[in-house]
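Quick note on the working numbering: the sequence shown kicks off at -14 and runs consecutively. In this text, a Cβ means the ideal position worked out from N, Cα and C, and glycines have one as well. Here is the structure we will look at, set down as structure tokens.
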Amino acid sequence: LAWIGQQTQPWALMLCFNAPHWPYDPPPQHLHSFQLNGRNVFQTPLPFYQALVQAMDTEIGRLLNGLGADRANTNIVLTSDNGSPGYLLQQLAPQSHGKGTLYEGGVRVPLLISGPSVINPGRTCGELIHLVDLFPTCLDLCGANQQGGIDGVSALPLLEDRIAPIRTSIYNEQEGS
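Here you go:
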């Protein structure tokens, strides 16, 4: 937030959270509402995982609130690199598949985009997008000239609700498949 406040030109920020990811080190108590004292992360990992998700949510909320009036002019992309850990799935219903699978919750993860570049906000889009598509999409959002050799296809047409689909298939390789 301090860095954002110092910017006098248009800016881009990539903020990557490691959590929730093993090892489930307890986040600071003021960022979540779970009672973790006296619990063993190896015996009951779910509350630690949930506390990490809530802590991340708290910090994302702090960032969005900290943007103030500039939030209306800011495009925000939120996604995950992969799904939930398989050993927690029984406790994370309705998911039945997770990390390391080709199913919902494995390679297909949430992607949320908001901001002034999104036409008809609040809608859902079931089109195929790959994480490599985010780079050319961000270049388009910045008005940058795209050179050849970029792995990915800009999803800007989807944001502008004008053309679909940008892809007809996505190749993904999973260990053991």
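| Asked | Found |
| --- | --- |
| Proximal residues to A149 (C-beta, below 8 angstroms), its chain only, five neighbours per side dropped | C110, E112, P142 and L143 |
| A57 and P13 closer than 9 angstroms at C-beta | no |
| Rounded separation between G85 and I155 - CA only | 16 angstroms |
| Proximity winner among A(-3), P106, S18 and G(-10), relative to N50 (alpha-carbon distances) | G(-10) |
| Three-state secondary structure assigned by DSSP to L52 | coil |
| H115 beta carbon less than 9 angstroms from that of R147 | no |
| Within the segment 81 to 127, ranges of the alpha helix (DSSP H) (whole runs, at least 4 residues) | 119 to 127 |
| Residue of L124, E145 and G128 minimising C-alpha distance to G137 | L124 |
| Selected residue, minimal CA-CA separation from P95, among T122, T64 and V117 | T64 |
| For G133 and V62, the rounded distance between their alpha carbons | 24 angstroms |
| Helix, strand or coil at T64 [DSSP, three-state] | strand |
| Backbone CA spacing between P102 and P30 [nearest angstrom] | The sequence shown places Ser at residue 102, rather than the Pro named in the question. Using only the alpha carbons, I get a separation of about 39 angstroms. |
| Buried versus exposed call for D118 [16 or more other C-beta atoms within 10 Å across all chains shown] | buried |
| Inter-residue Cα distance where the pair is L16 and A4 | 13 angstroms |
| Of the residues Q(-8), M(-1), Q28 and Q(-6), the one placed nearest Y9, counting alpha carbons only | Q28 |
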